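Engineer:
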Amino acid sequence: MSVITANDLKRSGVSGIERAMINSEEHQVLIDVRGKTKYVVLDIEEFNHYREYQLDKAINEAEQCLIKGKFSVIDDLDNFSEQLRQEIKQDA
5 MSVITANDLK RSGVSGIERA MINSEEHQVL IDVRGKTKYV VLDIEEFNHY
55 REYQLDKAIN EAEQCLIKGK FSVIDDLDNF SEQLRQEIKQ DA
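Per my numbering, the very first residue in the sequence shown carries number 5; after that it's consecutive.
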């Protein structure tokens with residue numbers, strides 16, 4: 005994975021990221037700030053693939069909750085916020 009420092013990024017801007025991307029087979033660039041990796045830049049295809057993975061995972065988790073009966077039905081919208089607070093306290 006290619007790495008670019010914050011100073012290099014400041015000096016070369018987006019073209020520096022593009023150069024680092026070209027040199028990276030993974031289409032990802034790490035940005036180091038003061039010697040520590042702090043950010044990751046992905047090309048749009050890689051980002052879309054990652055986002056799709058996240059959404060698939062969320063759907064799978066929701067389906068598992070439905071299968072296991074881990075859900076509730078909101079009958080009273082007026083007291084929904086209080087009911088939600090109580091559920092959050094129970095899960096903590």
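Just so it is clear, CB atoms sit at the ideal spot from N, CA and C, and this is done for glycine as well.
Note that the coordinates shown come from a computational prediction; the quantities given were computed from them, not determined experimentally.
1) Using the Cα positions of L46 and Q32, report the straight-line distance between them to the nearest angstrom.
2) Return the CA-CA distance between Y57 and K14, expressed in angstroms with no decimal places.
3) Can you tell me the Cβ-Cβ gap for A24 and I48, rounded? I've got them flagged as a contact below 8 Å.
4) In chain order, what residues of the same chain have a beta carbon less than 6 Å from the beta carbon of Y43, not counting five sequence neighbours either side?
5) Under the three-state reduction of DSSP, which class applies to I26: helix, strand or coil?
6) What span of residues does the alpha helix (DSSP H) with S85 cover, start to end?
Structural biologist: Reading off the structure:
1) As a position in the sequence shown, residue 46 is number 42, starting the count at 1. As a position in the sequence shown, residue 32 is number 28, starting the count at 1. Cα to Cα, L46 sits roughly 5 Å from Q32.
2) Here residue 57 refers to the residue found at position 53 when the sequence shown is read from its first residue. Here residue 14 refers to the residue found at position 10 when the sequence shown is read from its first residue. Near 32 Å, if we compare the C-alpha coordinates of K14 and Y57.
3) In the sequence shown, the residue the question calls residue 24 occupies position 20. In the sequence shown, the residue the question calls residue 48 occupies position 44. That pair is no contact at about 16 Å.
4) To locate residue 43, count along the sequence shown from 1; it is residue 39. Excluding sequence neighbours, Y43 sits near I35.
5) Numbered from its first residue, the sequence shown carries residue 26 at position 22. Three-state DSSP puts I26 in a helix.
6) Working through the sequence shown from its first residue, we reach residue 85 at position 81. Unbroken alpha helix (DSSP H) run through S85: F84 to D95.
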